[in-house]
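Take -6 as the starting number for the sequence shown in this note's numbering and just add one per residue.
Note that CB positions come from ideal geometry on N, CA and C, so glycine has one too.
Worksheet for the structure shown next.
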Amino acid sequence: MKALQLLALVSIAFGACAPAPEDSRRDAVDTAEEELRATPGASVIVLLVDTLRADILGPYGGDGRTSEHFAALAREGVLYEDCVSAAPWTLPSVASLFTGTLPRTHGAGLEGEQRFLGGPGQSEPLAVAKELPTLAKLLREQGYATLLRGTNPFVRFGLEADFERAELRYAPAGAVVDWGLQALAELPREKPYLLVLHFLDLHEPNQIGVDFGREDFELYFPSVLPPVDESERRWPAPDLEPYRWQHLLQQRKRLYLASQRYVDREIGRFLKSLAELHPQEARFVVYTSDHGEDFFENFEVDLASGHTDPRAGYRAPISYGHGHSLHRALTHVPLAISGPGLPRGRRVADTVGSIDVLPTLCRLLDLPVPSTVQGRCLPFVGRATPRSYLSESIAYGRERVALTTPDGWKLVHPLSAEERPQLFFLPDDPREKLDLAAREPARLTALREALERALAAVPRGAGTSIASDSATQDALRALGYVGAQGAQGETKR
């Protein structure tokens, strides 16, 4: 694709959902989308599964045993095959989801070129900019009850402020579901609501609840697998003997899949109970994630590009966990939406983004789309106008930015001259194993220019400085973000 075409695509990508002066309720949607009727006053449920990558779910070609209820929701509504998260870790990603803006605009996350979340010398993350309207604020102003059951401590960084009722502490999926059902049972039946349930079970250290079934465990952990001593996990991880390292990865992957099976089953219990509690209720349900998880899939390509990680003492990349890269393992997230008036069983292949969820819900509820929004309304009936999407806001290492184009190209560009850009063609290489930057110099130049134009079009915002309390610090420490020093003095994740 020529540079001019790429620039045109990127120019479409930003500000596309900004309301027109003559009608603040309309945004840039395709003509076919006008056939959809809004449902003012409908309730909204957001099921946010932390650390869930799309490709482990059945509808995305993964293990169907992990996603029975996600698949059922998708059959009742619309599944988006290629949803791009705005960031590879929770704080900036969830801020983008609930403001419809990119990290450089909402400001939540870390600052500076070199980043080391929880590491020595790194300042605390910034909270979301106070002046930006969030989904909770918009709906609360419309008379909605706004309820949040958060489990990740990063949700404390300003994202909880607009919820009238919020509980923020770790609990397994079963307890999160129980909280949500109890909160809804206490609401007047006629009152619309926004309910956000945030599930953390897939995140290390995978604290599986007591109601995690024996069937789930035995399904993924046959008795032939011996246990792994966690003390053997060093940074960089390849220091382990090959057998032990592969064994550790195998166990981690199986525990990850088993955790998602448990979460999905609890979500199914929630949806069934909700249907019994409010059978006639008009509601939209969003099932998505903030980011994925890397199981050492891009180590070689990142090493060749000069990428390093402070958790490895800047000696090498780690390519494990999340927050350290913008590869598809971390930025390709599931997204399904069901509700009144939406087509059933539709799969949308167009590339979309997590920043599109807020303007879409505004459209479905017939509410004005804030002028600050950088997303656009998701396609339901027709094809979306092609656009590119940005991901950014690294937590570990040197900051970089990724541009994903609608024709399948992806540029990952560092802000440091010490690292080299990467270029991938996703239709042939969805796991981003083959860097084409050296083979496609003209395309690399065109995409780099397109990226520069895109970044110049995004307004810079300032996050809010806050001092986290001891409870937040303890919660971050339990997840491995703060204080767990490895053998080389680096913070483990």
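D75 is bridged by DSSP to T344. With distances taken between CA atoms, H99 lies nearest to V366 out of A377, V366 and R446. Each of A439, E274, V278 and G299 was checked against the Cα of I260, and the nearest Cα belongs to V278. Each residue's CA atom was taken as its position, placing A65 and S409 some 44 Å apart. Cα atoms of K130 and F156: separation of roughly 7 Å, rounded to the nearest angstrom.
DSSP places W82 in no beta strand (DSSP E); its state is neither H nor E.
Assignment of V326 by DSSP, reduced to helix, strand and coil, places it in the strand class.
Between the alpha carbons of S252 and L195 lies a distance of about 6 Å. In the three-state scheme derived from DSSP, where H, G and I count as helix and E and B as strand, E104 is classed as coil.
One alpha carbon belongs to P185, the other to T32, and they sit about 12 Å apart. Secondary structure note for T139: its beta strand (DSSP E) is the uninterrupted segment A138 to G143. Nearest to F373 by alpha-carbon distance, out of F263, P333, L241 and A79, is P333. DSSP assignment within the region 248 to 319 yields the following whole beta strand (DSSP E) runs of 3 residues or more, N-terminal first: 276 to 281. Annotation for G167: the continuous alpha helix (DSSP H) segment containing it runs A166 to A178.
Annotation for R441: no beta strand (DSSP E) segment contains it, though the alpha helix (DSSP H) segment containing it runs P434 to A450. By the neighbour-count definition (other C-beta atoms within 10 Å, threshold 16), D43 is a buried residue. The Cβ-Cβ distance between P118 and H315 does not fall below 7 Å. The beta strand (DSSP E) runs of length 3 or more contained entirely in the region 378 to 428 are, from start to end of the chain, 382 to 384, 389 to 391, 393 to 397, 402 to 407 and 415 to 418. Here the region 299 to 314 does not lie against the region 60 to 78, with fewer than 3 beta-carbon pairs under 8 Å apart. In this structure, I348 keeps its C-beta atom at 7 Å or more from the C-beta atom of S36. Counting every other CB atom within 10 Å of its CB across the protein chains shown gives A377 a total of 16 or more, marking it as buried. Counting only the Cα atoms, E69 lies some 30 Å from D421. Less than 7 Å divides the Cβ of P310 from the Cβ of F292.
Boundaries for A122: no alpha helix (DSSP H) harbours it, and the DSSP string shows neither H nor E there. Counting along the chain, no beta strand (DSSP E) covers R68; the unbroken alpha helix (DSSP H) around it starts and ends at E61 to E69. If you draw a straight line from the Cα of P352 to the Cα of E433, it is about 36 Å long.
Partner residues in the beta bridge of S36, as assigned by DSSP, are R276. By the Cβ neighbour-count rule, G54 is exposed, with fewer than 16 other Cβ atoms within 10 Å of its own.
Straight through space, the alpha carbons of W402 and Y382 are spaced by roughly 11 Å. Taking C-beta atoms as the reference points, D287 and T83 fail to come closer than 7 Å. Annotated three-state conformation of A129 is helix, per DSSP. In this structure, A329 is the residue among L241, A329 and P379 with its C-alpha nearest to the C-alpha of P52.
In the DSSP annotation of this structure, the continuous segment of the beta strand (DSSP E) that includes V189 starts and ends at Y186 to F192. Taking L444 as reference, the option from S384, G173 and G102 with the minimal CA-CA separation is S384.
Note on A388: 16 or more other CB atoms within 10 angstroms of its CB, so buried under the neighbour-count rule.
Distance between V87 and P327, taken at the CA atoms: about 14 Å.
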